[in-house]
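Engineer:
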Amino acid sequence: MKKVVWSIVILLLIGIGALVYSIYAGDHEKQNAKEKAITAANKTANLTETADFYLYNGNETWYVVTGTDEDGKKVGVWIPENKKEESKVLPLSEGLSEKEAINLVKQKKKVKKIVAANLGMEKGTALWEIIYKNNDDLYGYYYLNFKSGDLIRHYDNL
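Structural data, given as structure tokens:
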């Protein structure tokens with residue numbers, strides 16, 4: 000009986016250790032991606048100050064860094080994970096702010112809670128990905144064109 004108890008305890012400890020390691024490794028990987036993206040954004044757009052970092056995992060992975068360039072303009076730098084694509088720099092004044100994008104989704108959907116808002120890029124189009132929970136505690140994803148605010152696509156009740 001003691002062997003069974005000790006076996007269960009050891010298996011639980013191994014499981015907890017694996018869980019802690021996977022959480023740490025995931026956070027560490029995201030932090031490395033953020034640091035690399037900020038370095039690339041600084042080179043691409045000559046940023047003097049960085050503000051936000053977004054990680055978008057759609058059909059392609061894009062890292063987006065917002066900040067102020069050397070001319071004092073607020074810009075977003077879209078950096079592809081796929082090195083075959085080119086980075087893109089867009090003035091933030093040409094598109095929706097995070098707050099505007101969230102408010103558009105709140106006007107169109109029954110939103111209980113906003114989970115996340117991410118800038119991203121698909122097929123050459125800059126977009127906002129708004130992730131929310133509805134009144135039934137189910138997830139929804141709403142994709143808006145960054146410049147126009149037009150709906151690209153949405154998924155409900157996931």
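Every letter in the sequence shown is one number past the one before it in numbering that gives the first Met the number 0, and letter 104, counting from 1, is 103.
Think of the CB as a built atom: it goes at the ideal place given N, C-alpha and C, for glycine as much as any other residue.
Quick check on DSSP: helix, strand or coil for residue 110?
Structural biologist: Of the three classes helix, strand and coil, the one that applies to residue 110 here is coil, per DSSP.
Engineer: How many Å lie between residue 138 and residue 74 at the Cα?
Structural biologist: Approximately 30 Å between the Cα atoms of the pair.
Engineer: Using three-state DSSP, classify residue 121 as helix, strand or coil.
Structural biologist: In the structure shown, residue 121 sits in a strand (DSSP, three-state: E or B).
Engineer: Rounding to the nearest angstrom, what Cα-Cα distance links residue 35 and residue 41 in this structure?
Structural biologist: Between residue 35 and residue 41, the C-alpha separation is close to 10 Å.
Engineer: Our contact map puts residue 104 next to residue 141 with C-beta atoms below 8 Å; I'd like the distance itself, whole angstroms only.
Structural biologist: Contact holds; Cβ gap of about 5 Å.
Engineer: Quick check on residue 128: does DSSP put it in helix, strand or coil?
Structural biologist: If DSSP states are grouped into helix, strand and coil, residue 128 belongs with the strands.
Engineer: Could you name the residues of the same chain whose beta carbon sits closer than 8 Å to that of residue 27, not counting the 5 residues immediately before and after it, in chain order?
Structural biologist: Residue placement at residue 27 cannot be trusted, given a pLDDT of 49 that sits under 50; what the coordinates show is reported in the next sentence. So the list is empty, once near-sequence residues are dropped.
Engineer: Tell me whether residue 143 is buried or exposed, calling it buried when 16 or more other Cβ atoms sit within 10 Å of its Cβ.
Structural biologist: With 16 or more Cβ atoms within 10 Å of its Cβ, residue 143 is classed as buried.
Engineer: Compute the distance between the beta-carbons of residue 67 and residue 47, then report whether it is under 9 Å.
Structural biologist: For residue 67 and residue 47, yes; Cβs fall inside 9 Å.
Engineer: Checking 9 Å against the spacing of the C-beta atoms, do residue 62 and residue 128 come in under that value?
Structural biologist: Cβ atoms of residue 62 and residue 128: not closer than 9 Å.
Engineer: Taking 6 Å as the limit between beta carbons, can you name the residues of its chain near residue 153, skipping five residues before and five after?
Structural biologist: So the list reads 141, once near-sequence residues are dropped.
Engineer: Mind reading off the beta-carbon distance from residue 86 to residue 124? Whole number of angstroms is fine, and I expect it under 8 Å.
Structural biologist: No, residue 86 and residue 124 are not in contact; Cβ-Cβ is about 15 Å, not under 8 Å.
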